[in-house]
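Per my numbering, residue 15 is the first one in the sequence shown, and the count goes up by one each step. C-beta: ideal position from N, C-alpha, C; glycine also. Everything numeric in this text was worked out from a predicted model, so none of it was measured. Worksheet: the structure to be examined is printed underneath.
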Amino acid sequence: MQHRLRLHVFGCLVLLGVHGGTLLGCQHAAGPPPPPITPASSVKETLEQHRALPDPDEKVWWEVSGADMAWNNKNLHQIVPTVNVYRRGPVSELATQQDDRIADFPVSTPSGSLPYAKYLASDESTTMGVVILHRGEIVFEAYPRMEPHEKPIWWSVTKVLVSTVLAILEDEGRVDVSQPVEVYVPELMGTDFEGVSVRQILDMASGVDCPDGDYSDRDTCYMQFEASLGDAVRTANSPDDPYSMLASLNVGRWAPPGTGFDYSGVNTFVLGWVVENVTGMPFQDALSQTVWGRMGAESDASILAGRNGVPLTSGGLLANPRDMARFGLLFTPSQKGVVATPIVSDRYVEVLLHGGDPALLRNGRWPYPVPDEVRHNVYQWDTVFENDDIYKGGWAGQGLLVNPRRDLVAVWVGYASDDGRERPDPLTVLRSVLTGVFGP
Numbered sequence: 015m016q017h018r019l020r021l022h023v024f025g026c027l028v029l030l031g032v033h034g035g036t037l038l039g040c041q042h043a044a045g046p047p048p049p050p051i052t053p054a055s056s057v058k059e060t061l062e063q064h065r066a067l068p069d070p071d072e073k074v075w076w077e078v079s080g081a082d083m084a085w086n087n088k089n090l091h092q093i094v095p096t097v098n099v100y101r102r103g104p105v106s107e108l109a110t111q112q113d114d115r116i117a118d119f120p121v122s123t124p125s126g127s128l129p130y131a132k133y134l135a136s137d138e139s140t141t142m143g144v145v146i147l148h149r150g151e152i153v154f155e156a157y158p159r160m161e162p163h164e165k166p167i168w169w170s171v172t173k174v175l176v177s178t179v180l181a182i183l184e185d186e187g188r189v190d191v192s193q194p195v196e197v198y199v200p201e202l203m204g205t206d207f208e209g210v211s212v213r214q215i216l217d218m219a220s221g222v223d224c225p226d227g228d229y230s231d232r233d234t235c236y237m238q239f240e241a242s243l244g245d246a247v248r249t250a251n252s253p254d255d256p257y258s259m260l261a262s263l264n265v266g267r268w269a270p271p272g273t274g275f276d277y278s279g280v281n282t283f284v285l286g287w288v289v290e291n292v293t294g295m296p297f298q299d300a301l302s303q304t305v306w307g308r309m310g311a312e313s314d315a316s317i318l319a320g321r322n323g324v325p326l327t328s329g330g331l332l333a334n335p336r337d338m339a340r341f342g343l344l345f346t347p348s349q350k351g352v353v354a355t356p357i358v359s360d361r362y363v364e365v366l367l368h369g370g371d372p373a374l375l376r377n378g379r380w381p382y383p384v385p386d387e388v389r390h391n392v393y394q395w396d397t398v399f400e401n402d403d404i405y406k407g408g409w410a411g412q413g414l415l416v417n418p419r420r421d422l423v424a425v426w427v428g429y430a431s432d433d434g435r436e437r438p439d440p441l442t443v444l445r446s447v448l449t450g451v452f453g454p
């Protein structure tokens with residue numbers, strides 16, 4: 015009698031005879047076939063869009079707006095080199111329980127009031143996709159200008175993945191954020207970052223005079239940093255890489271560390287450098303190991319790496335919206351529905367909600383009125399509101415909003431209209447919808 019060994023290989027049930035190793039047959043495992051792929055771009059459109067890209071010696075791909083920006087934002091893997099962020103293990107399935115109150119909620123627009131779902135699909139919006147979860151379930155999902163499987167850029171939302179990895183290392187006792195950054199990155203000894211604590215860098219309060227600022231001036235500290243990453247027009251004098259540039263940084267400080275807010279992706283890169291030195295691996299692999307490979311993501315992600323394979327940790331994540339929603343769930347009670355062992359600790363969520371310094375925004379480099387409903391910025395998150403909304407935005411229409419108390423997550427991606435603006439502000443619209451449906 016011949017015994018049989020049953021193996022599942024790539025969805026195929028393979029039957030092998032143990033005696034003699036004879037292949038006895040192949041039967042496909044039961045299950046529905048996957049839905050058909052809807053192409054996001056035709057061959058003709060792809061060729062046209064690539065031919066429309068600006069000359070990289072004169073202008074960067076991200077300096078366009080309107081429909082060209084929308085296409086670029088969804089297809090950057092074709093335009094710029096990337097590094098991989100890997101998923102692992104089973105996918106955490108997201109149940110769907112559509113809440114029609116969201117789709118029907120009225121939104122004020124210059125053309126009059128529209129239900130939220132119709133507003134998103136109208137010419138008044140430049141949002142490409144939205145996913146909203148309540149208590150771990152998808153209660154609204156819409157893709158008016160993209161396919162669900164596409165992996166658009168999340169711009170500066172990327173920053174809070176960096177701070178989350180660092181917070182995990184903090185929970186593990188491998189990083190003390192009160193320490194000067196040179197404890198973990200000795201390469202910064204003798205630079206403007208020497209003596210600045212990791213926490214001050216996390217809160218965009220390093221005091222180092224290298225703000226994002228004016229993107230049109232290629233000679234600023236920040237644009238030279240961007241050029242070192244291959245994310246800005248390069249010249250013969252551009253730094254070769256961000257590590258060597260920052261290891262000799264001597265631009266001075268605009269304020270003492272820890273006294274005022276000043277937004278800069280250089281701060282984020284330094285935090286990623288801390289992660290790399292502490293873990294002994296490139297940032298993208300540390301992200302794969304600590305977060306992306308543990309949260310049940312359905313797809314790999316990637317990060318732009320336009321020069322020398324160095325990831326743009328300040329704004330280069332490419333990922334599909336559902337996976338970004340899974341990331342958002344890690345900050346809510348519904349984390350337990352995504353992972354068996356918590357990734358984001360209660361300690362870290364408490365720091366986000368109540369551990370920020372309100373004075374930083376009020377003493378910012380470029381002061382602006384801080385609404386009474388805003389508590390603080392913290393750990394690379396832009397704004398924590400009094401109703402416990404925690405928000406991180408990305409340039410030209412990207413966003414992540416989590417609220418642990420209400421167990422809400424919302425993610426959205428978009429682009430700037432032809433005049434270079436987001437219209438209207440997606441955060442303001444979405445918060446009005448969520449407050450109207452779920453209360454303050």
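What whole-angstrom Cβ distance do Phe345 and Val365 have, given they're in contact under 8 Å?
-> Rounded, the Cβ-Cβ distance is 11 Å, inconsistent with contact.
Identify the continuous alpha helix (DSSP H) that holds Asn291 and give its terminal residues.
-> 279-293
How would you call Gln349, buried or exposed, if buried means at least 16 neighbouring beta carbons within 10 angstroms?
-> buried
How would you label Ala109, buried or exposed, when you count the other beta carbons within 10 angstroms and need 16 or more for buried?
-> exposed
Distance, Cα to Cα, Asp118 vs Leu444?
-> 13 Å
Please name the residue, chosen from Pro46, Ala181, Arg213, that lies closest to Glu196 on a Cα-to-Cα basis.
-> Arg213
Which value, in whole angstroms, describes the spacing of the CA atoms of Asp233 and Cys224?
-> 11 Å
When you compare only the Cα positions, how much space is there between Pro124 and Pro47?
-> 44 Å
Please report the residue range of the beta strand (DSSP E) in which Leu61 lies.
-> First-last for Leu61: 57-65, but that is the alpha helix (DSSP H), not the beta strand (DSSP E).
Residues in its own chain within less than 6 Å of Gly35 by CB, not counting five upstream and five downstream?
-> In this prediction, Gly35 scores a pLDDT of 46, lower than 50, which makes its location untrustworthy; the coordinate-derived value is nonetheless stated afterwards. Taken in chain order, the list of residues that qualify is empty.
Look up Asp439 in the DSSP assignment and say whether it is helix, strand or coil.
-> coil
Which residues mark the beginning and the end of the beta strand (DSSP E) in which Pro129 is found?
-> 126-129
What is the DSSP secondary structure of Met142, reduced to helix, strand or coil?
-> strand
Does the stretch 145-155 touch the stretch 263-281, meaning 3 or more C-beta pairs lie closer than 8 Å?
-> no
Whole-number beta carbon distance between Pro256 and Val324, since they are thought to touch under 8 Å | 6 Å
Roughly how many whole angstroms lie between the Cα atoms of Asp228 and Ala410?
-> 16 Å
Separation of Pro438 from Thr140, as counted between CA atoms | 9 Å
Gly378 to Arg389 span [Cα, whole Å] = 14 Å
Taking Cβ to Cβ, would you say Ala54 is nearer than 8 Å to Met160?
-> yes
Going by DSSP, name the residue or residues bridged to Thr397.
-> Tyr405
By Cβ distance below 6 Å, which residues in the same chain neighbour Asn4 in space, the five residues on each side in sequence not counted?
-> The structure shown has nothing for residue 4, since the chain only spans 15 to 454.
Whose C-alpha, out of Ala131, Thr449, Ile152, is nearest the C-alpha of Gln111?
-> Ile152
For the alpha helix (DSSP H) that Gln298 lies in, which residues bound it at each end?
-> 297-301
Hey, would you say the C-beta of Asp360 is under 7 Å away from at least one heavy atom of the ligand PLP?
-> Absent from the structure shown: the ligand PLP. Ligands present: none.
Under 8 Å, do Lys73 and Val247 count as touching if we go by C-beta distance?
-> yes
If you count every other CB in all the chains shown that lies within 10 Å of the CB of Ala84, and 16 or more means buried, which is it?
-> buried
Which of the three DSSP states, helix, strand or coil, is assigned to Trp75?
-> helix
When DSSP labels each residue in this structure, what does Val423 get in the three-state scheme?
-> strand
Just tell me which of Glu77, Ser122, Trp395, Ala66 has its CA closest to the CA of Ser446.
-> Ser122
CB-CB under 6 Å to Met203, same chain, minus the five flanking residues each way: which ones, in chain order?
-> Glu196
Extent of the continuous beta strand (DSSP E) to which Glu184 belongs = No beta strand (DSSP E) holds Glu184; the alpha helix (DSSP H) holding it covers 173-185.
In terms of alpha-carbon separation, which member of Glu400, Gly408, Ile51 lies closest to Asn417?
-> Glu400
Would you grab the beta carbon distance between Trp169 and Gly408 for me? Rounded to a whole angstrom, and I think it's under 8 Å.
-> 3 Å
Extent of the continuous beta strand (DSSP E) to which Ile167 belongs = No beta strand (DSSP E) contains Ile167, which DSSP labels as neither H nor E.
Using the DSSP secondary-structure output, state which residues sit across from Ser122 in a beta bridge.
-> Ser127
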